[in-house]
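Working notes for the structure below.
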Amino acid sequence: MVTKNLTAGQRPPWYSIRNAAKTDGGPAELLIYDEIDSWYGISAEQFARDLKAIDNDAITVRINSPGGSVFDGIAILNALRDHPATVTVVVDSLAASIASVIAMAGDEIVMNRNSQMMVHNAWAVCVGDAHDMEKSAARLAQHNSNIAQIYADRAGGTVEDWLAVMAEETWLLADEAVEAGLADRVVELPEPDAKSAAARASVFDLSAFRYAGRQSAPAPRIPLVHNKTPRPEKGEVNRGKEPIVATLNEGLAKLLGIDADADDETILSAAAEALEERADDGQESDDTPPAAPTLEQATAALAKAGMTVVERAQYEATVAAAQAGAEARAQQLREGDERVVDQAIADGKVAPARREHHLQALAADREGHTAVLAALAPGLIPLAETGHSTQPADGPVPNDLSWFDSAPTAPSSEGKE
11 MVTKNLTAGQ
21 RPPWYSIRNA
31 AKTDGGPAEL
41 LIYDEIDSWY
51 GISAEQFARD
61 LKAIDNDAIT
71 VRINSPGGSV
81 FDGIAILNAL
91 RDHPATVTVV
101 VDSLAASIAS
111 VIAMAGDEIV
121 MNRNSQMMVH
131 NAWAVCVGDA
141 HDMEKSAARL
151 AQHNSNIAQI
161 YADRAGGTVE
171 DWLAVMAEET
181 WLLADEAVEA
191 GLADRVVELP
201 EPDAKSAAAR
211 ASVFDLSAFR
221 YAGRQSAPAP
231 RIPLVHNKTP
241 RPEKGEVNRG
251 KEPIVATLNE
261 GLAKLLGIDA
271 DADDETILSA
281 AAEALEERAD
291 DGQESDDTPP
301 AAPTLEQATA
311 ALAKAGMTVV
321 ERAQYEATVA
331 AAQAGAEARA
341 QQLREGDERV
351 VDQAIADGKV
361 APARREHHLQ
371 ALAADREGHT
381 AVLAALAPGL
391 IPLAETGHST
401 QPADGPVPND
411 LSWFDSAPTA
421 PSSEGKE
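Here the sequence shown is numbered in this note's numbering, starting from 11 and rising by one per residue.
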């Protein structure tokens with residue numbers, strides 16, 4: 011087991027490695043069982059160095075982590091991807107945040123019984139002015155897009171699909187993670203027997219998250235995303251044990267019909283000759299243009315597409331008639347609308363000044379506004395005088411006008427200049 015000597019009061023590392031030598035037999039086992047953060051004394055750089063020292067053909071990565079540093083997590087992901095061994099990731103209890111991204115490094119991803127996975131947007135603490143906040147927001151957006159691409163590469167779907175899922179902070183049980191394409195299978199495996207790991211496996215502070223685990227979160231909607239773009243079959247991955255260039259040269263030599271051990275110059279020469287021959291064949295075939303279809307052939311093809319051939323004059327006459335009919339119908343409807351509005355004005359339902367308004371309303375919703383006008387009570391708008399007033403006769407102010415609060419009323423000047 012690879013461990014680090016701890017001083018008094020120092021926090022244990024967030025990972026450990028067992029069976030790191032081939033002589034131990036079986037796959038090497040790497041446990042990520044805590045928050046991933048270089049502040050606690052172990053950096054991703056140290057992890058990568060320890061991982062590189064493993065020369066086993068298979069590595070089992072067991073995860074129980076609430077996440078941690080995005081940069082460290084991406085570095086760990088790529089270190090596992092680049093290792094020549096076959097990597098199996100087992101989520102023992104929790105793979106949340108960047109720990110779920112690390113899980114995507116597995117050639118196979120296994121969800122242990124009762125385990126959970128969580129995906130969400132990256133977050134950070136920023137101190138500064140508005141410019142600092144904008145830069146921090148831009149960096150977080152880049153992190154989110156990068157992580158969404160990792161999920162999409164593994165499970166299918168688009169970056170936009172996974173950004174929407176991450177924005178909701180989505181929690182998944184073991185079978186839900188498999189259904190979403192983020193894991194391959196669920197299996198009951200024995201718990202790892204690392205004492206230090208087991209002591210830290212049961213409790214994490216999840217208060218920083220929106221939900222405290224799958225039991226507190228809504229049902230995930232990731233399966234809809236996964237089904238939209240099924241994950242392609244995983245191709246064979248070169249683990250650095252065989253050179254790609256040699257295999258490529260052998261394949262090219264076979265296609266070109268030359269010896270498999272031909273050197274680069276011979277292969278390039280044969281490829282250039284083959285391309286020239288293909289170009290010559292293309293030029294010869296282009297010299298004879300395809301024959302134009304006959305009228306009968308064109309008519310038959312159009313008929314299959316649901317179209318009919320007519321003479322141009324007939325077509326233009328039909329279009330003109332249709333346009334004239336449409337204009338006549340529009341005029342007819344306008345006149346009908348005017349009769350409806352004028353009748354409403356005559357009945358005292360609407361004011362004459364609102365005539366154009368009601369005409370526009372009828373044009374937009376003829377049936378609905380006709381019903382509105384019909385429902386209005388007649389006589390709402392006065393059509394004649396409802397009373398009149400005159401100046402009082404000359405003379406003193408009558409005694410019965412004492413209830414006015416205004417100044418005394420002057421004598422009437424009716425009929426005077």
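Note that the Cβ used here is the ideal one computed from N, Cα and C, for glycine as well. Remember, predicted model here, so these are calculated numbers, not experimental data.
At the level of alpha carbons, what is the spacing between A106 and T96?
23 Å
Could you check which residue in L266, V169, R376 and N124 has the C-alpha nearest to that of W181?
N124
May I have the straight-line CA-CA distance separating M317 from G167, to the nearest angstrom?
39 Å
Can you list, in chain order, the residues of its chain with a C-beta nearer than 7 Å to that of V350? Leave out the 5 residues immediately preceding and following it.
L372, T380 and L383
Is it right to say E275 is buried, meaning 16 or more other beta carbons lie within 10 angstroms of its own, or is it exposed?
exposed
My output table needs one value for G83: the three-state DSSP class, helix, strand or coil.
helix
Can you tell me whether V197 is buried or exposed? The criterion is at least 16 other CB atoms within 10 Å of its CB, across all chains shown.
exposed
Quick one: what's got a C-beta closer than 6 Å to I119's C-beta in the same chain, skipping five residues either side?
V99, A113, A193 and D194
DSSP bridge partner residues for M128 (one or two, in chain order):
A106 and W181
Which residues in the same chain have their Cβ closer than 8 Å to the Cβ of K264, if we skip the five residues on either side of it in sequence?
A270
Applying the criterion that 16 or more other CB atoms from any shown protein chain within 10 Å of the CB defines a buried residue, is A158 buried or exposed?
buried
Flag this pair as touching only if the stretch 51-67 and the stretch 86-93 have three or more C-beta atom pairs under 8 Å; answer yes or no.
yes
Are N74 and D102 closer than 7 Å when you measure CB to CB?
yes
Whole-angstrom distance between R72 and A204, CA atom to CA atom:
Legend: pLDDT at A204 = 40, less than 50; position of this residue unreliable, no value from coordinates given.
Three-state secondary structure (DSSP) at V101?
strand
For H153 and S79, the rounded distance between their alpha carbons
11 Å
Just to confirm the assignment: which complete alpha helix (DSSP H) runs, minimum length 4, are found wholly within the stretch 339-368?
none
Output the distance between the C-alpha atoms of G191 and A184, rounded to the nearest integer angstrom.
11 Å
Given 8 Å as the limit, is there contact between the stretch 304-320 and the stretch 338-352, that is, 3 or more CB pairs closer than that?
no
Assuming T70 and E39 are in contact, meaning their beta carbons sit under 8 Å apart, how far apart are those beta carbons, in whole angstroms?
5 Å
Per-residue DSSP class, three states only, for R149:
helix
Using alpha carbons as the reference points, say which of E287, G116, I42 and A54 lies closest to A68.
G116
From the DSSP secondary-structure annotation, give me the bridge partner or partners of V196.
M121
Considering just the uninterrupted stretch of the beta strand (DSSP E) at T70, what are its terminal residues?
A68 to S75
Taking Cβ to Cβ, would you say P37 is nearer than 7 Å to N66?
yes
Could you check which residue in R164, T304, D375 and L393 has the C-alpha nearest to that of E189?
R164
Around the Cβ of E303, are there at least 16 other Cβ atoms within 10 angstroms (buried) or fewer (exposed)?
Residue identity differs from the one stated: residue 303 is Pro in this sequence, not Glu. By the 10 Å Cβ count, P303 comes out exposed.
Thinking C-alpha only, which one of A148, A394 and L285 is nearest N131?
A148
Within a Cβ cutoff of 8 Å, which residues of the same chain sit near L150, ignoring the five residues on either side of it in sequence?
N131, A132, W133 and A134
Determine the extent of the alpha helix (DSSP H) in which A385 is found, giving its start and end residues.
R376 to A385
DSSP puts T96 in a beta bridge; with which residues?
A68
Please classify I7: does DSSP put it in a helix, a strand, or coil?
Since the first and last residues shown for the chain are 11 and 427, residue 7 lies out of range.
Hey, quick one: how far does the alpha helix (DSSP H) through E306 stretch, first residue to last?
L305 to K314
Inter-residue spacing [alpha-carbon to alpha-carbon] between S212 and Y43:
In this prediction, S212 scores a pLDDT of 46, lower than 50, which makes its location untrustworthy; the coordinate-derived value is nonetheless stated afterwards. Cα to Cα, the separation comes out at about 10 Å.
Quick one: using the 10 Å Cβ neighbour count with 16 as the cut-off for buried, is V129 buried or exposed?
buried
Identify whether I46 lies in helix, strand or coil by the three-state DSSP scheme.
strand
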